[in-house]
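Taking it in order: structure first as structure tokens, then the write-up.
Number of protein chains: 2
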Amino acid sequence: MKEQIKRYFNRYVDLNDIEIDMIYSKLTAKTFQKKEFLLKENTVCRYNYFILKGVIRSFYIDKKGHEKITQFAIDNWWATNMESFINETPSTQYIQAIEETTVLYLSKETLDLLYTEHPKLERLFRIITENMLIANLRKSDVFLQMRSKERYTFFAEKLPNFIQRVPQYMIASYLEITPEYLSELKKAK
Amino acid sequence: MKEQIKRYFNRYVDLNDIEIDMIYSKLTAKTFQKKEFLLKENTVCRYNYFILKGVIRSFYIDKKGHEKITQFAIDNWWATNMESFINETPSTQYIQAIEETTVLYLSKETLDLLYTEHPKLERLFRIITENMLIANLRKSDVFLQMRSKERYTFFAEKLPNFIQRVPQYMIASYLEITPEYLSELKKAK
DNA sequence: AATAAAAATTAAGATATCTTAAGAAATGAA
DNA sequence: TTCATTTCTTAAGATATCTTAATTTTTATT
Numbered sequence: 000m001k002e003q004i005k006r007y008f009n010r011y012v013d014l015n016d017i018e019i020d021m022i023y024s025k026l027t028a029k030t031f032q033k034k035e036f037l038l039k040e041n042t043v044c045r046y047n048y049f050i051l052k053g054v055i056r057s058f059y060i061d062k063k064g065h066e067k068i069t070q071f072a073i074d075n076w077w078a079t080n081m082e083s084f085i086n087e088t089p090s091t092q093y094i095q096a097i098e099e100t101t102v103l104y105l106s107k108e109t110l111d112l113l114y115t116e117h118p119k120l121e122r123l124f125r126i127i128t129e130n131m132l133i134a135n136l137r138k139s140d141v142f143l144q145m146r147s148k149e150r151y152t153f154f155a156e157k158l159p160n161f162i163q164r165v166p167q168y169m170i171a172s173y174l175e176i177t178p179e180y181l182s183e184l185k186k187a188k
Numbered sequence: 000m001k002e003q004i005k006r007y008f009n010r011y012v013d014l015n016d017i018e019i020d021m022i023y024s025k026l027t028a029k030t031f032q033k034k035e036f037l038l039k040e041n042t043v044c045r046y047n048y049f050i051l052k053g054v055i056r057s058f059y060i061d062k063k064g065h066e067k068i069t070q071f072a073i074d075n076w077w078a079t080n081m082e083s084f085i086n087e088t089p090s091t092q093y094i095q096a097i098e099e100t101t102v103l104y105l106s107k108e109t110l111d112l113l114y115t116e117h118p119k120l121e122r123l124f125r126i127i128t129e130n131m132l133i134a135n136l137r138k139s140d141v142f143l144q145m146r147s148k149e150r151y152t153f154f155a156e157k158l159p160n161f162i163q164r165v166p167q168y169m170i171a172s173y174l175e176i177t178p179e180y181l182s183e184l185k186k187a188k
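Here it is as structure tokens:
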């Protein structure tokens, strides 16, 4: 567990064992069962969750009562509702475990404290945030440039393991396609 | 000019006059004429541009040769192609002044140097990046939740000054609507 | 003011994607 | 194994949005 996060952090900044221990002591581990919620609509997202193992989804419920998935996250990725977490405002989204998922989590207060006491962490999260932003911009690009079918093949090629671990209707939702239409698309080719 | 960026930075971190002077000395001012390019496709985006005054757009050219606008930016906002700037890879997008635009710009090397020498700036840009990410997530939300017409009214209400300063076909492009269809939508209501 | 260029509108027909509803298949629980 | 629940598929009709092409309006240039 400590090894995993150490390896992850060291992708971005060099941290010695003492620093790792210090950060590690601020992280809390928790396991969520399949379908358990990490966050519910209308509550402030108090934590940033680092996923050690598992899969989660972020989604909101639209006017018609349908779930719309905005994000999946797996091992070595962060899950939070950024806007809610940063601004401490109620979230419009849910975060839920798709499989049993083990995380390490940090509160905003803890994180702010770490920033002040350890400038290296400020750098670490500056870089992590840049990467999130880039990932997000890329996602928008995909939607801007591709139609439903192309998005599906792109996603299926890029992240084949997801196709196995996540039910198809969730993938459809993430790709902004109705499950019925995705079925048609798959048949067509 | 210095006053403006001082006010802007002080929204996020406290900087004294010496610090401001130090940063300011690293920034280069430049004015772009209407239609002049800050960045062209296939070149690495070397700078992060802080807009003092003006309007710019980021766009790419799609398969059919149409311009697709992904971002507008105005006074007190940053313009860059994040992925290209951070990873030093060729950009797929253009950045162009819509009006005469005055900016202060920073190279990546300068910025990295500033981070190392002044942890406060690491914080400043950590926060700025968080805000960009949040702005981006919000934009995605709008597209996820609203249909063309609603996007237009939302945009028109939220940013009425844009409607005046930017030609309608560019707004259509940003909203992912064809100019013809936007015309229809406006007529309908 | 006259002309050229750019931007906006209109309308008809085409297409991608959704909606609804029902049934089939797969998975999980007893 | 059986039953119940969840997920996936199929198909017909509906709708949002695009395409093309022509026309009008606005803005910029001489």
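First to last, the sequence lines map onto chains F and C. According to numbering that gives the first Met the number 0, the first sequence is numbered sequentially starting from 0. According to numbering that gives the first Met the number 0, the second sequence is numbered sequentially starting from 0. The beta carbon of each residue, even a glycine, is placed where N, CA and C say it ideally should be. This one's a predicted model, so the numbers in the text were calculated from it and none came from an experiment.
Practice task
Mind listing, in chain order, the continuous alpha helix (DSSP H) runs of no fewer than 4 residues lying wholly within the region 97-168 of chain F?
Solution key: 107-116, 118-144, 147-157, 159-164
Handout entry: Nearest residue (CA-CA) to F/Y59, options F/I68, F/E156, F/Q32, F/Y104
Key = Taking each of F/I68, F/E156, F/Q32, F/Y104 in turn and checking the Cα distance to F/Y59, the smallest one comes out for F/I68.
Handout entry: C/E82: contacting residues in chain F (beta-carbon distance under 8 Å)
Key = Contact of C/E82 with chain F by beta-carbon distance below 8 Å involves I133, L136, R137.
Exercise for the section: Going by DSSP, name the residue or residues bridged to C/A171. Expected result: Beta-bridge pairing by DSSP links C/A171 to no other residue.
Exercise for the section: Anything in the region 105-124 of chain F with a Cβ closer than 8 Å to a Cβ of chain C? List those residues in chain order, please. Expected result: Y114, P118, E121, R122, F124
Handout entry: DSSP bridge partner residues for F/R56 (one or two, in chain order)
Key = F/F71, F/Q95
Handout entry: For F/L38, the nearest candidate out of F/S83, F/I176, F/T128 (CA to CA)
Key = Of the residues F/S83, F/I176, F/T128, the one whose Cα lies closest to the Cα of F/L38 is F/S83.
Exercise for the section: Counting only the same chain and skipping the five closest in sequence on each side, list residues whose C-beta sits under 8 Å from that of F/Y7. Expected result: F49, N75
Problem - Cross-strand partners of C/A187 (DSSP beta bridge) - result: Beta-bridge pairing links C/A187 to no other residue.
Practice task
Within its chain, find whatever has a CB closer than 6 Å to the CB of F/D61; leave out the 5 residues flanking it on each side and keep chain order.
Solution key: Excluding positions up to five away in sequence, the list reads K67.
Problem - DSSP-derived helix/strand/coil call for F/L181 - result: F/L181: helix per DSSP, three-state reduction.
Problem - the region 3-17 of chain C in contact with the region 94-113 of chain F per 3-pair CB rule at 8 Å - result: no
Problem - Cβ neighbours of F/F142 in the same chain (closer than 8 Å, five flanking residues each side left out) - result: R150, E175
Exercise for the section: Can you say whether F/A78 is buried or exposed, counting buried as having 16 or more other CB atoms within 10 angstroms of its CB? Expected result: buried
Exercise for the section: Check whether the Cβ atoms of F/Y104 and F/F36 sit closer than 8 Å, and answer yes or no. Expected result: Against a cut-off of 8 Å, the Cβ pair of F/F36 and F/Y104 comes out as no contact.
Handout entry: Three-pair Cβ contact test at 8 Å for the region 106-123 of chain F versus the region 114-126 of chain C
Key = yes
Practice task
Check whether the Cβ atoms of C/I133 and F/I133 lie closer than 8 Å to each other.
Solution key: no
Practice task
State yes or no: is the beta carbon of C/Q144 nearer than 8 Å to at least one beta carbon in chain F?
Solution key: yes
Problem - Proximity of F/Q32 and F/R56 at Cβ, strictly below 8 Å - result: Contact flag unset, no.
Exercise for the section: Can you have a look at F/A72 and say buried or exposed, based on whether 16 or more other CB atoms are within 10 angstroms of its CB? Expected result: buried
Practice task
Mind reading off the beta-carbon distance from C/F154 to C/I170? Whole number of angstroms is fine, and I expect it under 8 Å.
Solution key: 7 Å
Problem - Cβ separation of F/V43 and F/S90, assumed to be a contact under 8 Å, to the nearest whole Å - result: 7 Å
Practice task
Using three-state DSSP, classify F/E40 as helix, strand or coil.
Solution key: Correct three-state label for F/E40: coil.
Handout entry: Under 7 Å (Cβ pairs) to chain C, residues found in the region 37-67 of chain F
Key = D61, K67
Practice task
For F/M0, count neighbouring C-beta atoms within 10 Å of its own C-beta (all shown protein chains included) and say buried if the count is 16 or more, exposed if not.
Solution key: exposed
Problem - Nonlocal neighbours in the same chain, by C-beta distance under 6 Å from C/T27, ignoring five residues either side - result: Only Y104 meet the Cβ criterion.
Practice task
Kindly indicate which residue of F/L158, F/S147, F/R164 has the alpha-carbon position closest to the one of F/E183.
Solution key: F/S147
Exercise for the section: Give a yes or no on whether 8 Å exceeds the smallest Cβ distance from F/I85 to chain C. Expected result: yes
Exercise for the section: In the DSSP assignment, find the beta strand (DSSP E) that holds F/K63 and state where it starts and stops. Expected result: Segment: none, F/K63 is in no beta strand (DSSP E) and carries neither H nor E.
Exercise for the section: Determine whether the Cβ of C/E2 lies closer than 8 Å to any Cβ atom of chain F. Expected result: no
Exercise for the section: Find out if the Cβ-Cβ distance for the pair C/N47, F/L136 is shorter than 8 Å. Expected result: no
Practice task
Per DSSP, which residues does F/K1 bridge with? Please list them.
Solution key: F/K1 pairs with nothing; no bridge assigned.
Exercise for the section: Can you tell me the Cβ-Cβ gap for F/P178 and F/Q167, rounded? I've got them flagged as a contact below 8 Å. Expected result: With 8 Å as the limit, F/P178 and F/Q167 qualify as a contact, their Cβ atoms being about 7 Å apart.
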